[in-house]
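Shown next, in structure tokens, is the structure this report addresses.
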Amino acid sequence: MLKISLGEIADQFDLELKGDASVEISGIASLVDAAPGELAFLFHSSYKNQLKTSNASAIVLRGVDSVDCTIPVLISDQPRLAWARIAAFFDPAPRHKVGIHETAVISENCTLGAGISIGAHVVIEDGAKLSDGVCIDAGCFIGERVSIGEGTRLHANVTIYHDVQLGYDCIVHSATVLGADGFGFEYDKSTASLVKIAQVFAVIIGDKVEIGAGSTIDRGALNHTRIGDGVKIDNQVQVGHGTSVGSHTAISGCTAIAGSTRIGSYCLIGGGVGIIDNIEIVDQVEITAMSLVSQSITEKGRFSSGTGLMPGSDWKRSIVGFRKLPELIKRLRRLEKKAN
Numbered sequence: 027m028l029k030i031s032l033g034e035i036a037d038q039f040d041l042e043l044k045g046d047a048s049v050e051i052s053g054i055a056s057l058v059d060a061a062p063g064e065l066a067f068l069f070h071s072s073y074k075n076q077l078k079t080s081n082a083s084a085i086v087l088r089g090v091d092s093v094d095c096t097i098p099v100l101i102s103d104q105p106r107l108a109w110a111r112i113a114a115f116f117d118p119a120p121r122h123k124v125g126i127h128e129t130a131v132i133s134e135n136c137t138l139g140a141g142i143s144i145g146a147h148v149v150i151e152d153g154a155k156l157s158d159g160v161c162i163d164a165g166c167f168i169g170e171r172v173s174i175g176e177g178t179r180l181h182a183n184v185t186i187y188h189d190v191q192l193g194y195d196c197i198v199h200s201a202t203v204l205g206a207d208g209f210g211f212e213y214d215k216s217t218a219s220l221v222k223i224a225q226v227f228a229v230i231i232g233d234k235v236e237i238g239a240g241s242t243i244d245r246g247a248l249n250h251t252r253i254g255d256g257v258k259i260d261n262q263v264q265v266g267h268g269t270s271v272g273s274h275t276a277i278s279g280c281t282a283i284a285g286s287t288r289i290g291s292y293c294l295i296g297g298g299v300g301i302i303d304n305i306e307i308v309d310q311v312e313i314t315a316m317s318l319v320s321q322s323i324t325e326k327g328r329f330s331s332g333t334g335l336m337p338g339s340d341w342k343r344s345i346v347g348f349r350k351l352p353e354l355i356k357r358l359r360r361l362e363k364k365a366n
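Mapping to the working numbering: the sequence shown position 236 is 262, numbers consecutive.
Below, the structure is given as structure tokens:
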């Protein structure tokens, strides 16, 4: 079991220590669930009452919350950021082993960097380029001319179509598909059928991008689909063809983005958001969960749509009122005319 002293944690992560530096820490946990030997975190003063009953051996918190704390503490102006950094140190996820599994099927015409790891039943096709330190877990498919940057990891059963580019230090989780055809068809009256539009461009993904499990990013028809540096995409997100997402934007689970939409940098998009095609969202926009974005957003800020949860009987009455709005507006206009 990994153990490290509280003093070593303070030094390694540049935190102020108050208390016994020799206390040994073997893991992290929440304030409620922490056991002796574990480090817990207080993210907000409203949970300060949990300090009294926590069994943690030490706490990471803000200086203002450390008053009267009876156990050792590590002071941070940003406890959540400290948590992110410390959690990586204690992460028990298996480290990949350098080497190529005997069942992997690898084209003779691809380029493999130093120190790579390729798991069982991986397929790598002609012209693919894997840079140093790339890790490809079991069952992945890497199409022709795919480029994968240094230190990038693909978890099991990721599929990457031809010509897709990934930057360095990316993480792609299981069952994600990169570079499938965008949804493009045109109706042909002469045959009364839909004609497929070839999706001839690729997907270009920047550096230090993370893509959650089961997500799909489609290739473009008239231009590349682009994901900027540092973008974080949650599970089961759909990104349509020709869309661009600016650097360091975060997109929560089950969001669907239609084709040719342009999303700026440092945006926060909540879960289950729907974004229509061919619109633009500027930098530093926050869109709350379950919103429908049906027009461009030209100013930074927080945006919402939809109806919040309410008791069922209230919701039914509200729907009745909503349906009556057009008639009520007409009546109001008639009354205004009479009044004038």
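Built from N, CA and C at the ideal position, the CB exists for glycine as well.
Take the Cβ of residue i as the centre, count every other Cβ of all protein chains shown within 10 Å, and call the residue buried at 16 or more, exposed below.
| i | result |
| --- | --- |
| VAL131 | exposed |
| ASP103 | exposed |
| ALA365 | exposed |
| ASP117 | exposed |
| PRO98 | buried |
| LEU57 | buried |
| VAL90 | exposed |
| ASP189 | buried |
| ASP94 | exposed |
| THR281 | buried |
| GLY256 | buried |
| GLN191 | buried |
| PHE348 | exposed |
| VAL198 | buried |
| ILE142 | buried |
| PHE211 | exposed |
If residue i sits next to residue j, beta carbons under 8 Å apart, how far is it from one beta carbon to the other, in whole angstroms?
| i | j | result |
| --- | --- | --- |
| GLY246 | GLN264 | The pair is not a contact, with the Cβ atoms about 14 Å apart (cut-off 8 Å). |
| GLU176 | GLY159 | 5 Å |
| ALA84 | LEU100 | 6 Å |
| ASN81 | PRO62 | 6 Å |
| ASP233 | ASP195 | 6 Å |
Identify the residues that DSSP records as bridge partners of residue i: which are they?
| i | result |
| --- | --- |
| PHE67 | VAL86 |
| ARG328 | GLU312 |
| GLU42 | ILE101 |
| GLY300 | ALA282, LEU318 |
| VAL93 | DSSP lists no partner for VAL93. |
| VAL148 | None; VAL148 has no bridge partner. |
| ARG25 | The requested residue 25 is not part of the displayed model; the chain covers only 27 to 366. |
| HIS125 | Going by the sequence as given, residue 125 is Gly instead of His. GLY125 is bridged to SER143. |
| GLY53 | GLU64 |
Query raised in the report: Could you give the uninterrupted runs of the beta strand (DSSP E) lying entirely in the stretch 166-244, keeping only those of 3 residues or more?
Result: Listed in chain order, the complete beta strand (DSSP E) runs (minimum 3 residues) inside the stretch 166-244 are 211-214, 219-222, 229-231.
Query raised in the report: Within the chosen definition, does the stretch 231-239 reach the stretch 210-219 through at least 3 CB pairs nearer than 8 Å?
Result: With a cut-off of 8 Å on Cβ pairs, the stretch 231-239 is not in contact with the stretch 210-219, counting fewer than three such pairs.
Query raised in the report: Using 8 Å as the threshold, is the stretch 120-130 in touch with the stretch 63-81, meaning 3 or more CB pairs across them?
Result: The stretch 120-130 vs the stretch 63-81: no contact.
Query raised in the report: Okay, do the stretch 287-303 and the stretch 312-323 touch, 3+ Cβ pairs below 8 Å being the bar?
Result: Yes, they touch.
Report task. Please confirm if the stretch 255-269 is in contact with the stretch 281-289, defined as three or more CB-CB distances below 8 Å between the two stretches. Result -> Short answer: they touch.
Query raised in the report: Three or more beta-carbon pairs under 8 Å between the stretch 56-71 and the stretch 37-44, yes or no?
Result: The stretch 56-71, when compared against the stretch 37-44, does not touch it at the 8 Å Cβ threshold.
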